[in-house]
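Chemist: After the structure tokens below, expect a handful of questions from me.
Protein chains: 2
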Amino acid sequence: MLESSAKDFVSALSSKEPIPGGGGASAYVGSMGMALGVMVGNLTVGKKKYADVEAEVKILMEKSEKVIARFQSLVAEDAAAFYPLSQVYGMPKNTEEEIQRKEETLQKALVNATLVPLEIARCCAEGIDLQEEFAQKGTRIAISDVGVGVAFLKAALEGAKLNVLINTQIMKDQEFKHRIETELADLCTVYTAKADRIFAEVQNSITGGKSS
Amino acid sequence: MLESSAKDFVSALSSKEPIPGGGGASAYVGSMGMALGVMVGNLTVGKKKYADVEAEVKILMEKSEKVIARFQSLVAEDAAAFYPLSQVYGMPKNTEEEIQRKEETLQKALVNATLVPLEIARCCAEGIDLQEEFAQKGTRIAISDVGVGVAFLKAALEGAKLNVLINTQIMKDQEFKHRIETELADLCTVYTAKADRIFAEVQNSITGGKSS
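The listed protein sequences derive, respectively, from chains A and B.
Okay, so the first sequence: first residue is 1 according to full-length UniProt numbering, each after it adds one.
Okay, so the second sequence: first residue is 1 according to full-length UniProt numbering, each after it adds one.
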């Protein structure tokens with residue numbers, strides 16, 4: 001899906017076709033957030049002023065590239081998980097048997113359609129941790145880009161959250177639903193706050209603390 | 001820039017090349033946010049249940065397509081405005097004359113490099129207003145996508161903000177700087193709060209008000 005042009009990806013997103021949807025778009029936005037961190041890393045390495053953090057920044061960049069690759073796989077995984085769910089709505093429900101088959105297919109499809117956006121949320125959390133280090137160690141000249149990156153990762157986390165929640169609502173397995181929703185709520189509480197703090201610190205370091 | 005693949009756009013973003021940068025990426029993420037609104041529109045029109053809002057939803061979709069096109073132009077405009085600024089840092093400053101020429105070129109480049117992300121912020125505000133209507137009128141089946149869209153538009157607004165602020169800091173024209181920063185601060189105050197409210201309403205409508 002990411003092989004088509006960036007413009008076509010947006011057109012595909014706006015169509016009524018079930019994929020790509022909000023989950024895949026969130027994973028893609030997450031990869032863009034990480035790319036901004038890597039850009040700041042690229043502008044930091046090789047500069048005398050930052051020689052003492054160069055080795056650490058290189059490790060950060062390697063870790064970030066792995067998260068980018070993971071996010072990009074998740075765009076495809078989300079499509080693969082969501083497509084079967086989108087097809088359930090078209091199944092017949094005229095007989096008792098059809099109704100039962102439809103419900104079973106739905107419940108089965110919901111599992112993956114929930115686990116994939118949860119994995120996107122986990123990747124966002126990992127990404128936000130990495131951006132925190134870019135904010136501390138990266139070149140000051142491009143520090144705004146770390147702030148933009150962290151804003152993207154927070155949006156991707158929130159996008160993933162809604163994609164988990166819309167599916168857990170109709171899930172029958174209460175134990176599974178509870179476990180997923182608890183992990184998600186914990187991740188969101190910690191990492192939206194952390195993203196907000198990093199963003200505010202970046203903004204302060206740009207403006208010298210004056211509010212805007 | 002958006003003609004290359006979605007994957008290559010992320011690679012270009014992560015490189016040390018000055019463009020695309022955080023401003024253009026914000027405009028692109030804004031276009032993705034709007035596309036999610038249009039998707040919800042596409043899933044709404046033609047459905048009996050939503051026949052009474054169909055005409056309004058169609059108008060919303062047309063307005064959103066215009067905002068998408070504007071965001072995509074702004075990706076190119078941001079690159080065109082930022083590139084000259086990125087070149088200033090390489091200018092010589094060995095003589096008084098060179099120092100003066102460099103400073104004049106910098107101040108001139110800063111004007112466009114500030115006005116373009118400000119325009120991105122204005123488009124985000126317009127987009128958030130449109131998403132509010134999609135949240136009210138769009139099909140419930142895809143309501144999570146409006147929430148994801150509004151999270152993307154808020155991130156794009158915050159990204160645009162940092163790109164304005166990093167440039168106004170070194171601007172000499174205090175009257176211009178003040179005017180830009182005031183408009184930006186007003187936009188951000190109103191529209192980050194509005195985006196948060198729409199997102200919370202979408203989440204509540206998914207979970208029936210239970211927190212997560």
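Glycine included, each C-beta is placed from N, C-alpha and C at the ideal position.
Taking its Cβ as the centre, do 16 or more other Cβ atoms sit within 10 Å of Gln174/B, making it buried, or is it exposed?
Modeler: Classification of Gln174/B: exposed, given that the 10 Å Cβ count is below 16.
Chemist: Would you please verify whether the beta carbon of Leu162/B is less than 8 Å from any beta carbon of chain A?
Modeler: Yes, Leu162/B counts as interfacial toward chain A.
Chemist: With DSSP run on the structure shown, which of helix, strand or coil describes Ser73/B?
Modeler: DSSP places Ser73/B in helix when its eight states are reduced to three.
Chemist: Hey, could you find the ends of the alpha helix (DSSP H) Gly127/A is sitting in?
Modeler: First-last of the alpha helix (DSSP H) with Gly127/A: Glu96 to Lys137.
Chemist: By the DSSP assignment, the alpha helix (DSSP H) with Val190/B in it spans what residues?
Modeler: Segment Gln174 to Thr207, the alpha helix (DSSP H) holding Val190/B.
Chemist: When the distance is taken between beta carbons, is Ala160/B closer than 8 Å to Gly23/B?
Modeler: Yes, Cβ-Cβ distance for Gly23/B and Ala160/B is below 8 Å.
Chemist: Report yes if the C-beta of Val10/B is less than 7 Å from at least one heavy atom of the ligand ADP; otherwise report no.
Modeler: Among the components of this structure there are no ligands whatsoever, and the ligand ADP is therefore not found.
Chemist: So what does Ser5/A bridge to, in DSSP terms?
Modeler: Paired residues: Ser5/B.
Chemist: For Ala76/B, which residues of its own chain have a beta-carbon under 7 Å away from its beta-carbon, when the five flanking residues on both sides are left out?
Modeler: So the list reads Met1, once near-sequence residues are dropped.
Chemist: Within 10 angstroms of its Cβ, does Arg179/A collect 16 or more other Cβ (buried), or is it exposed?
Modeler: Result: exposed.
Chemist: Under 8 Å between beta-carbons, which chain B residues line up against Tyr50/A? List them in chain order, please.
Modeler: Near Tyr50/A there are no residues of chain B at all, since even the closest Cβ is about 13 Å away, more than 8 Å.
Chemist: Name, please, each residue of chain A whose Cβ falls closer than 7 Å to the Cβ of Gly147/B.
Modeler: Chain A residues near Gly147/B: Leu162.
Chemist: Within the chosen definition, does the region 141-154 of chain B reach the region 113-122 of chain B through at least 3 CB pairs nearer than 8 Å?
Modeler: As far as the Cβ criterion goes, the region 141-154 of chain B does not touch the region 113-122 of chain B, which means the pair count is below three.
Chemist: So what's Pro84/B in DSSP terms, helix, strand or just coil?
Modeler: Of the three classes helix, strand and coil, the one that applies to Pro84/B here is helix, per DSSP.
Chemist: Anything in the region 117-145 of chain A with a Cβ closer than 9 Å to a Cβ of chain B? List those residues in chain order, please.
Modeler: Cβ contacts with chain B come from Ile141, Ala142, Ile143, Ser144 and Asp145.
Chemist: Give a yes or no on whether 8 Å exceeds the smallest Cβ distance from residue 248/B to chain A.
Modeler: For chain B, the structure presents residues 1 to 212; residue 248/B sits outside this window and is missing.
Chemist: Output yes if chain B places a C-beta closer than 8 Å to the C-beta of Ala25/A; else output no.
Modeler: Ala25/A counts as touching chain B.
Chemist: Measure how close the beta-carbons of Lys58/A and Leu130/A come, nearest whole angstrom, since I'm counting them as under 8 Å.
Modeler: No, Lys58/A and Leu130/A are not in contact; Cβ-Cβ is about 13 Å, not under 8 Å.
Chemist: How should Met91/B be labelled, buried or exposed, when 16 other C-beta atoms within 10 angstroms of its C-beta is the threshold for buried?
Modeler: By the 10 Å Cβ count, Met91/B comes out exposed.
Chemist: Among Gly33/A, Glu132/A, Thr139/A and Ala81/A, which one has its Cα closest to the Cα of Lys48/A?
Modeler: Measuring from the Cα of Lys48/A, the nearest candidate turns out to be Thr139/A.
Chemist: Within a Cβ cutoff of 7 Å, which residues of the same chain sit near Ile19/B, ignoring the five residues on either side of it in sequence?
Modeler: Correct list, in chain order: Ala79, Phe82 and Tyr83.
Chemist: I'd like to know if Glu3/A contacts chain B, where contact means its C-beta is closer than 8 Å to some C-beta of that chain.
Modeler: It does; some Cβ of chain B falls within 8 Å.
Chemist: To the nearest angstrom, report how far apart Thr189/B and Ala135/B are at their CA atoms.
Modeler: Going from the Cα of Thr189/B to the Cα of Ala135/B covers about 21 Å.
Chemist: What is the DSSP secondary structure of Ser212/A, reduced to helix, strand or coil?
Modeler: A caution first: Ser212/A carries a pLDDT of 48, below 50, which makes its placement in the model too unreliable to give a value.
Chemist: For Cys124/A, collect the residues of the same chain with a Cβ closer than 6 Å to its Cβ; drop the 5 residues on either side in sequence, then sort them by chain order.
Modeler: Only Gly30, Leu153, Ala156 and Leu157 meet the Cβ criterion.
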